[in-house]
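Respectively, the protein sequence lines represent chains A and B.
For any residue, its number in our numbering is found by taking its place in the first sequence, counting from 1, and adding 601.
For any residue, its number in our numbering is found by taking its place in the second sequence, counting from 1, and adding 601.
Here the structure is laid out as structure tokens; the discussion comes afterwards.
Protein chains: 2
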Amino acid sequence: MVKGAQAGPAAAVPRLSRERVLSTALEIIDKNGVEGLSMRGLGRALGRDPMSLYHYAANKTALLDDVVELVLGQLVIDTTDTDWSAQLRTVARAFRDLAVAHPHVVPLLVTRPLATPLGLRPLGTLRPLEASLELLTRAGFSEVDALHIYRSFFGFLQGHVLNELQELVDNPEETDALLRLGLQRLPLREFPRLRSLAPVLADYDGAAELERGLDILLAGLQSQLPPTGPPGIRKATK
Amino acid sequence: MVKGAQAGPAAAVPRLSRERVLSTALEIIDKNGVEGLSMRGLGRALGRDPMSLYHYAANKTALLDDVVELVLGQLVIDTTDTDWSAQLRTVARAFRDLAVAHPHVVPLLVTRPLATPLGLRPLGTLRPLEASLELLTRAGFSEVDALHIYRSFFGFLQGHVLNELQELVDNPEETDALLRLGLQRLPLREFPRLRSLAPVLADYDGAAELERGLDILLAGLQSQLPPTGPPGIRKATK
DNA sequence: ACCGTATCTCTACGGCGTAGAACGAGTAGA
DNA sequence: TCTACTCGTTCTACGCCGTAGAGATACGGT
Numbered sequence: 602m603v604k605g606a607q608a609g610p611a612a613a614v615p616r617l618s619r620e621r622v623l624s625t626a627l628e629i630i631d632k633n634g635v636e637g638l639s640m641r642g643l644g645r646a647l648g649r650d651p652m653s654l655y656h657y658a659a660n661k662t663a664l665l666d667d668v669v670e671l672v673l674g675q676l677v678i679d680t681t682d683t684d685w686s687a688q689l690r691t692v693a694r695a696f697r698d699l700a701v702a703h704p705h706v707v708p709l710l711v712t713r714p715l716a717t718p719l720g721l722r723p724l725g726t727l728r729p730l731e732a733s734l735e736l737l738t739r740a741g742f743s744e745v746d747a748l749h750i751y752r753s754f755f756g757f758l759q760g761h762v763l764n765e766l767q768e769l770v771d772n773p774e775e776t777d778a779l780l781r782l783g784l785q786r787l788p789l790r791e792f793p794r795l796r797s798l799a800p801v802l803a804d805y806d807g808a809a810e811l812e813r814g815l816d817i818l819l820a821g822l823q824s825q826l827p828p829t830g831p832p833g834i835r836k837a838t839k
Numbered sequence: 602m603v604k605g606a607q608a609g610p611a612a613a614v615p616r617l618s619r620e621r622v623l624s625t626a627l628e629i630i631d632k633n634g635v636e637g638l639s640m641r642g643l644g645r646a647l648g649r650d651p652m653s654l655y656h657y658a659a660n661k662t663a664l665l666d667d668v669v670e671l672v673l674g675q676l677v678i679d680t681t682d683t684d685w686s687a688q689l690r691t692v693a694r695a696f697r698d699l700a701v702a703h704p705h706v707v708p709l710l711v712t713r714p715l716a717t718p719l720g721l722r723p724l725g726t727l728r729p730l731e732a733s734l735e736l737l738t739r740a741g742f743s744e745v746d747a748l749h750i751y752r753s754f755f756g757f758l759q760g761h762v763l764n765e766l767q768e769l770v771d772n773p774e775e776t777d778a779l780l781r782l783g784l785q786r787l788p789l790r791e792f793p794r795l796r797s798l799a800p801v802l803a804d805y806d807g808a809a810e811l812e813r814g815l816d817i818l819l820a821g822l823q824s825q826l827p828p829t830g831p832p833g834i835r836k837a838t839k
């Protein structure tokens, strides 16, 4: 018998690795949603016994945290950008792009931090926080203010994608907005406003809405929290 | 034999009802989290066969939607308030109070709308939307602007509670902030800012943070979207 | 006394996460 | 060359899960 063993009816698999495990998990989630991912199914997809996965993650919840890391790791923040609000805008767009590219991961994105304590999360999920702090303190904000801004900013982003990715369409083959969204079920008496908004709801533009929100938020931050620190020479917008 | 049948070794149960089913489900979630709720466990808690629950909900996901309705139904909006931004402030505080009272329900609150199309959700979960639209159009906003404001507002609220309810503490019996949050695990080189923020992170004040955020958001909305409609005589803050 | 309906129970199926022990191949030391 | 050890993997098994399908029971109206 050959030693390499590269053949086989189901094509023997090359080798297992953390990367292959996690990216396959992400693929399954992208296709079938979080509920559609099981250790057994993932094992099947990798041509391995489910138990072999426990070499790469302590348990299923840890694996989910790692999937979050895999996605959030793609979010790059340029901490050397001297225009902090422009940089945040760029990050916001990148974050939205990620969410739109992986809508089924969004539940994990917003939900895992409620279960896993900060200090135990995969490092990749904490880098955006560290980088934001770096960016903002370099821009002259105090550490405390930097944290406030980070929180408003990512809170806003999470709220935005949760809004944008809401399930609206009930009946895709219908063309009339009201029927498409299934709003005809709502009692006319109780929900007149909502029903009359059907056409508006039906053509939500996420990218535009994000920009509008950013305008408000960044303007608000700029007026409430002028950079106080010494680092560079400020333009003194105030 | 008696007809009432009120006795029994495990004290026969009075009667099942939608309300009892849902409020027991909520209790279990409050105690054990969403993952801790199973149809079988819920049946056990009610002294009934699990299958009897399917008389009150089509399946488990519908039951979860109904739990969201049970919680969100407690959010009252006074659509007759002539000061829309004050009313939103009140609603914001009530929403936060609900989230703090039922932290384990928050994952459902933010996550179920991603799975259930608008038109198929329990009516109680849509009432805050309808009421907000009513409040804002009465205040003179166009329907479209009212929707925009609703979205920024609830997006902000969701972002806020997700921030506030993040799991931070790793080691509760520790007194030093860094160790309490488990941040000593983070490589000093890569996470200097985050580590130095440990004491600040450790005493997060959710209520105060909410007010700060509301200040920014409401001011922003007020400046970006002055009421345009005709209804009442406006105070013309502008 | 009867029936229809609403409520509830029984049984069973296929799937889940993962504990515990065993296995096989590869590597390093003797 | 033999041996000991490690690492990735697999096998088997346990106790959960959601829920389909069919049947039992209780009850309100006639």
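Just so it is clear, CB atoms sit at the ideal spot from N, CA and C, and this is done for glycine as well.
When DSSP states are grouped into helix, strand and coil, A:H703 belongs to the coil group.
B:S797 belongs to the set of residues whose beta carbon lies under 8 Å from a beta carbon in chain A.
A:P718 sits in coil when the DSSP states are folded into three classes, being neither helix nor strand.
Note on B:R697: 16 or more other CB atoms within 10 angstroms of its CB, so buried under the neighbour-count rule. Judged by pairs of C-beta atoms under 8 Å, the stretch 659-678 of chain A touches the stretch 706-713 of chain A, as three or more such pairs exist. Annotated three-state conformation of A:L826 is coil, per DSSP. For B:N764, the chain A residues whose Cβ falls inside 7 Å of its Cβ are R752 and G756, in order along the chain. Chain B places no beta carbon closer than 8 Å to that of A:R790, leaving this residue out of the contacts. At a cut-off of 8 Å, the C-beta of A:I630 has no neighbouring C-beta in chain B. At least one CB of chain A lies nearer than 8 Å to the CB of B:V801. Around A:T738, the beta-carbon contacts reaching into chain B at under 7 Å are R794.
Assignment of B:G725 by DSSP, reduced to helix, strand and coil, places it in the helix class. Looking from the CA of B:T691, the closest CA among B:A808, B:Q785 and B:D667 belongs to B:A808. With a cutoff of 8 Å on beta-carbon distance, A:E765 and B:E731 are scored as not near each other.
Less than 8 Å separates the beta-carbon of A:G814 from that of A:F757. Chain A has no Cβ within less than 8 Å of the Cβ of B:Q823. Taken atom to atom, the span from the alpha-carbon of B:R794 to that of A:T717 is near 20 Å. The beta carbon of B:R619 does not come within 8 Å of any beta carbon belonging to chain A, so the residue lies off that interface. Going by C-alpha positions, B:R641 is about 15 Å away from B:L627. For the stretch 774-799 of chain A, the full-length alpha helix (DSSP H) segments reaching 4 residues or more read 778-781 and 793-797 along the chain. The beta carbon of B:V707 sits closer than 8 Å to some beta carbon of chain A. Under the DSSP assignment, B:S653 falls outside any alpha helix (DSSP H); it carries neither an H nor an E label. Judged by their CB atoms, B:L819 and B:L689 are nearer to each other than the 8 Å cut-off.
A distance below 8 Å separates the beta carbons of B:V801 and A:V745.
Taking every protein chain shown into account, the CB of A:T776 has fewer than 16 other CB atoms within 10 angstroms, so this residue is exposed.
For B:L822, same chain residues with a beta-carbon under 7 Å away, outside a window of 5 residues either side, are I750 and S753 in chain order. Distance from the CA of B:M652 to the CA of B:D667, rounded to the nearest whole angstrom, comes to 17 Å. For A:L676 against A:L699, the beta-carbon gap comes to about 7 Å, under 8 Å, which counts as contact.
In this structure, B:L784 is the residue among B:L763, B:H761, B:V762 and B:L784 with its C-alpha nearest to the C-alpha of B:N772. For A:H761, the number of other beta carbons within 10 angstroms of its own is at least 16, and it is reported as buried.
In this structure A:P723 touches A:E670 by the C-beta definition: roughly 4 Å separates them, less than 8 Å. Counting the other CB atoms within 10 Å of its CB gives A:A693 a total of 16 or more, which places it among the buried residues. The Cβ neighbour count for A:T681, taken over all protein chains shown within 10 Å, is under 16; the residue is labelled exposed. Shown here, A:S733 sits in a helix according to DSSP, grouped into three states.
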